[in-house]
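Okay, so here's the structure we're looking at.
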Amino acid sequence: MRATLHIVALAALASAGMAPAEDAAADFPAGWCDVKLGTATRTTGECMCKHDCAGPRCERQQGFVWYAYAKCPTCRCVEKSAAAAAADEPPPAADDDDGGAGADGATD
Numbered sequence: 589m590r591a592t593l594h595i596v597a598l599a600a601l602a603s604a605g606m607a608p609a610e611d612a613a614a615d616f617p618a619g620w621c622d623v624k625l626g627t628a629t630r631t632t633g634e635c636m637c638k639h640d641c642a643g644p645r646c647e648r649q650q651g652f653v654w655y656a657y658a659k660c661p662t663c664r665c666v667e668k669s670a671a672a673a674a675a676d677e678p679p680p681a682a683d684d685d686d687g688g689a690g691a692d693g694a695t696d
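Adding 588 to a residue's 1-based position in the sequence shown gives its number in this note's numbering.
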C-alpha cells in the first residue's frame with residue numbers, strides 16, 4: 589500500500605515538470621482567427637467561433653462551431669446568420685387590443 593502511494597506521488601511529480609504542448613498555430617498568418625468572432629486554440633490550431641462559421645470545412649458538434657486552419661484556410665468565423673438569429677427569437681406575443689373584451693365583445 590505504501591509503495592503504491594510512493595509510485596503515484598513520483599508519477600505526479602514527474603508529469604508536473606513536463607513542458608507545455610507546442611503552439612500548433614504558431615505558423616499560421618496573423619488574424620487567421622478573428623478575436624472578435626472566435627478564439628484560437630493554442631494546442632490544436634483550431635478557431636472556436638462564437639456564433640457561426642463560413643467555409644467548406646466548418647465543424648459543428650455538441651453545440652460548438654469551429655474550424656481547423658490547417659484543413660480549411662478559407663474558413664472564417666462570422667456573425668450569427670439571419671436564420672439562426674430568427675430561430676433564437678421568442679415567438680411574437682399575441683396582439684390583444686380588444687381592451688379585455690371577449691370574442692362576443694363583452695367584458696368580464
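Using N, Cα and C, we set each Cβ at its ideal position, and we do this for glycine too.
| Check | Outcome |
| --- | --- |
| Backbone CA spacing between Arg645 and Glu610 [nearest angstrom] | 24 Å |
| Euclidean distance between Cα positions of Ala614 and Ala658 | 12 Å |
| Reduced DSSP secondary structure (H/G/I, E/B, other) of Cys660 | coil |
| Boundaries (first-last residue) of the beta strand (DSSP E) holding Asp611 | Here Asp611 belongs to no beta strand (DSSP E), and DSSP marks it neither H nor E. |
| Own chain, CB closer than 7 Å to Cys637, minus 5 neighbours either side, in chain order | Leu625, Gly626, Val653, Trp654, Cys665 |
| Under 9 Å between C-beta atoms of Thr631 and Ala656 | no |
| Local conformation of Gly633 per DSSP, three classes | coil |
| Residues bridged to Gln649 (per DSSP) | Phe652 |
| Contact check, Gly643 vs Cys663, beta carbons under 9 Å | yes |
| Which of helix, strand or coil DSSP assigns to Ala618 | coil |
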